[in-house]
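Input: a single structure, listed below in structure tokens.
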Amino acid sequence: MTLFIQQLFNGLALGGVYCLAAIGLTLVFGVLRIPNLAHGSLYMLGAYMTYFFLTAIGVPYIAAIGMAAIVLAIVGVLLERVVFHPLRNSPHTHHMIAAVGAMFFFQALAQVIWGADFRRMDSPFSESVSIAGAQISWQRIIIIVTAVIVLSLLAWFIKRSIHGQTIEAVEQDRTGASLAGISPNTVSMLTFALAAALATIAAGLVAPINLLSPTMGAALDLKIFAIIILGGLGSIPGAIAGGFLLAMAEVMTSTYVSSAVGEAIAFVVLVLVLAIRPTGLFAKAVQR
Amino acid sequence: MGPSFTSRTARALAAAVTTGALVALAGCGGGGEAGGGGGTITIGYSGPLSGGAAAYGTNIQDGMQMAVDALNEQGVTVEGGEYTVELAALDDMYQPNTAATNAQRLAEQDDAAVIFVPHSGGIQAAQELNSGRSSFLLGAYSSDPAILATGNPLSMMIPPSFKSYGQPFIEQVKTDGVEKLGLLGTASEYGHSWTGLVTEEWEAQGGEVLTDNSIDYSTVTDFAGPVSQTLSEDPDVIFLGGPSQPTALIIEEARNQGYEGSFLIMDQAKFEEMELFTDPENLNDSVGVMPVKEYEDPGTADLVAAYEELVDGERPATVEVSLHYQSVALVVKAMEVAGTVEDPEAIRGALGDAMGEVDDRFRVSGFPTTITDAGHLQNEDLQIAYRNDDGDYEFIAIENAED
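Top to bottom, those sequences are chains P and Y.
For the first sequence, our numbering assigns the number 45 to the initial residue and increments by one for each residue that follows.
For the second sequence, our numbering assigns the number 60 to the initial residue and increments by one for each residue that follows.
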């Protein structure tokens with residue numbers, strides 16, 4: 045039972061990170077129909093920016109994540125303007141190639157600035173707390189709580205605020221939205237900014253329990269693609285459910301079956317979803 | 060039309076960014092000038108200079124470059140001619156095929172008679188061509204004994220074989236009442252070989268081996284899950300290890316979750332690096348390979364200090380740095396002894412004689428005292444390190460395993 049509780053918390057924390065990262069990817073796909081393979085690199089840059097603000101400038105942890113999120117939002121906008129916007133009328137393969145190019149570019153950039161070696165970011169919350177015999181570190185509790193807060197704010201933003209509603213409008217019908225006076229350009233930039241900021245929050249939260257390296261985004265990329273396919277491409281509730289489901293599946297399979305299966309589970313799920321229900325759990329009309 | 064023009068410029072810009080990324084990537088390879096002309100000895104190196112293992116590859120490059128600089132400062136004379144040593148480094152991103160292509164290129168274009176490759180896959184790929192059309196001595200840095208099993212006549216295996224470690228590691232921690240071994244190694248090919256070795260040895264010494272929880276250290280986002288799972292079976296000793304930094308994190312996680320037993324740490328992880336990534340106290344009661352600074356070779360202290368200065372104290376010199384440092388000096392000395400800078404067979408043949416003549420400054424971490432017929436550089440005084448409960452290192456002499 046202790047093991048189960050321990051793994052439940054580990055799974056929730058992992059799920060929080062996964063879904064924060066996956067939402068950005070699914071938003072970008074929903075609005076621009078781009079499978080942004082560079083999303084993991086934005087996550088990586090977000091982790092390094094948090095590290096930079098925390099260690100070089102000395103701002104407190106939570107503020108460092110916030111500042112990094114703002115910087116990455118700007119990077120996200122630049123990425124959209126410089127790379128994807130000019131390609132808006134090109135075939136889809138061009139977007140993918142450009143995204144791969146951007147991914148390599150960001151990795152090389154991080155290696156030049158911060159070096160190739162691993163870096164460790166210390167958490168101000170290093171203590172752990174005992175819940176029903178399980179040792180849960182405060183950092184993981186903070187991940188879970190922050191993920192819930194950020195997700196609620198996001199839901200409010202998309203559903204209630206005027207800017208958020210424009211994102212949803214463009215997702216649903218690009219032509220219709222522009223006829224109603226919504227600028228697709230603004231929405232594209234807003235989406236990229238939001239996606240990069242969310243990835244940064246995920247990265248800033250996970251950095252203290254993992255390590256920073258220029259390739260840290262590559263492993264995550266595969267997982268979050270599996271998540272958004274599981275949840276339904278472009279669907280936000282799908283990304284949330286998919287993130288937690290995949291994390292739980294991973295942790296619980298590792299625990300009760302074997303770690304090798306646990307690591308492969310994301311791809312088993314992916315294959316099953318594609319075979320049985322290709323639209324994902326929360327089918328969103330994917331045009332084309 | 061304006062829009063089409065801007066769209067074209069913007070597209071060109073996007074293309075430039077993409078190309079730039081690729082160039083930046085390719086550029087990481089660096090590269091040396093073509094040697095060949097009379098006064099230059101080119102030492103070739105193909106290793107991961109970008110990608111996930113870039114830190115490993117660039118550390119090695121630093122160690123080799125330090126040796127090259129020191130040799131040039133001293134002066135290298137072969138058969139009465141003055142030579143300048145140069146390092147030609149190419150990036151292989153840890154890919155065996157790329158390593159083989161690089162090796163071919165270094166041998167043919169840069170006339171390198173000696174080429175270093177620091178990963179088992181790349182070594183085995185390069186072994187297929189080093190005694191065919193191109194011929195070069197392969198400086199093989201991998202503790203996997205498989206690289207000698209090929210019987211390649213022009214290979215020089217640099218580190219001790221990992222087989223030497225299994226039995227003494229286990230004897231160190233398997234005291235009375237210690238029964239259960241948890242497995243939490245890295246899921247690389249090398250990690251699996253190690254897991255197999257300790258499993259076999261632990262069972263041979265009458266212990267019980269628990270579930271294999273090997274995970275890929277580079278893709279797991281949170282180590283807490285696999286650690287909880289390993290601890291749930293209540294192990295007395297945990298075997299683990301991969302790159303030092305994630306290894307340190309896993310050890311810390313296990314200690315945080317209340318684990319008090321010992322760790323058996325495979326040779327890829329280094330105490331001196333782990334100490335920087337976690338409270339060193341977490342590492343108490345662990346057995347692993349000896350930190351470089353603990354060697355008492357004549358050049359150890361100077362190298363450790365020089366390396367620290369080179370990297371601004373950001374990371375310690377590990378055996379990757381020190382073994383390459385001394386190996387480069389050894390092959391250049393072998394060229395002097397053999398009286399040739401071109402003939403790899405003669406250089407290989409002179410390695411044994413050259414050992415005694417290498418300058419003291421290059422003797423840094425278990426400088427080899429003998430080379431086996433298969434081409435394995437060995438030091439007779441091989442030792443392992445045990446970090447005891449007080450955080451002090453104890454050193455235990457061990458035997459070199461048979462090739």
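Built from N, CA and C at the ideal position, the CB exists for glycine as well.
State yes or no: is the beta carbon of Y/S277 nearer than 8 Å to at least one beta carbon in chain P?
yes
Ordered along the chain, which non-local residues of its own chain (more than five positions away) have a Cβ less than 8 Å from that of P/T46?
A176, G177 and A178
Where Y/T245 meets chain P, residues with beta-carbon distance less than 7 Å:
Going along chain P, no residue has its Cβ under 7 Å from Y/T245, so there is no contact; the nearest lies around 11 Å.
In or out: Y/Q264 buried (at least 16 other Cβ within 10 Å) or exposed?
exposed
Using only the alpha-carbon positions, how far apart do Y/V173 and Y/E355 sit?
28 Å
Under 8 Å by beta carbon: chain Y residues contacting P/V295
G284
Where does Y/K352 fall in DSSP's three states?
helix
To the nearest angstrom, how far is the alpha carbon of P/I211 from that of P/L52?
34 Å
Counting Cβ pairs, one atom from each stretch, are 3 or more of them under 8 Å apart for the region 350-364 of chain Y and the region 402-416 of chain Y?
no
Local Cβ density within 10 Å of Y/G95, reported as buried at 16 or more and exposed below that
At Y/G95, the pLDDT of 41 sits below 50, so the modelled position is not reliable and the matter cannot be decided from this model.
Note down, in chain order, every chain Y residue with its Cβ under 7 Å from the Cβ of P/L255.
Q304, P305 and L308
Would you kindly work out how many angstroms separate the C-alpha atoms of Y/G408 and P/M165, rounded to a whole number?
49 Å
Taking the C-alpha atoms as reference points, what is the distance between Y/G241 and Y/F322?
9 Å
Within 8 Å of any Cβ in chain Y, is that where the Cβ of P/D166 sits?
no
Pull up the DSSP beta-bridge partners for Y/E453, would you.
Y/Y445
Could one say the Cβ of Y/I119 lies closer than 8 Å to chain P's Cβ atoms, at least one of them?
no
Let me know if P/F318 comes out buried or exposed under the rule of 16 or more other beta-carbons within 10 Å of its beta-carbon.
Sequence inspection shows Leu at residue 318 of chain P; the Phe mentioned does not correspond to that position. Result: exposed.
Secondary structure, beta strand (DSSP E): runs of 3+ residues fully inside the region 300-376 of chain Y:
321-324 and 345-348
Are the C-beta of P/N229 and some C-beta of chain C separated by less than 8 Å?
The structure shown contains no chain C; its protein chains are P and Y.
Distance, Cα to Cα, Y/N118 vs Y/A112?
10 Å
Those residues which DSSP pairs with Y/S105 across a bridge
Y/L149
Looking at Y/Y249 and Y/S179, is the spacing between their C-beta atoms short of 8 Å?
yes
Looking only at its own chain, which residues have a Cβ that is under 7 Å from the Cβ of Y/P62, when we skip the five neighbours before and after it?
Any reading at Y/P62 must be qualified, since the residue scores a pLDDT of 45, below 50, and its modelled position is unreliable; the value itself is stated next. Same-chain partners within the cutoff: there are none.
Once DSSP output is grouped into helix, strand and coil, what is the label at Y/Q264?
coil
Kindly say whether P/D265, judged by its beta-carbon, lies nearer than 8 Å to any beta-carbon of chain Y.
no
Using only the alpha-carbon positions, how far apart do P/S174 and P/F48 sit?
14 Å
Determine the chain Y residues that contact P/N80 at a beta-carbon separation under 8 Å, and present them in chain order.
None at all; the shortest Cβ gap to chain Y is about 14 Å.
Looking at chain Y, which residues of the region 56-73 of chain P have a Cβ within less than 7 Å of any of its Cβ atoms?
A57, L58 and V61
What span of residues does the alpha helix (DSSP H) with P/Q50 cover, start to end?
T46 to L76
Which residues in chain Y sit within 9 Å of P/L289, going by Cβ to Cβ distance?
Per Cβ cutoff of 9 Å: no residues; P/L289 is ~15 Å from chain Y at best.
How long is the line joining the alpha carbons of P/S298 and P/Y105, rounded to whole angstroms?
31 Å
Quick one: does Y/T280 have its CB under 8 Å from some CB of chain P?
yes
Integer Cβ distance of P/A154 from P/L89, believed to fall under 8 Å:
7 Å
Would the C-beta of P/Q50 count as close to the ligand FMN, meaning under 7 Å from any of its heavy atoms?
Although the ligand FMN was asked about, the structure shown includes no ligands whatsoever.
For a cutoff of 8 Å on Cβ pairs, would you count P/L52 as touching chain Y?
no
Near-chain P residues of the region 320-340 of chain Y - C-beta to any C-beta below 7 Å
F336
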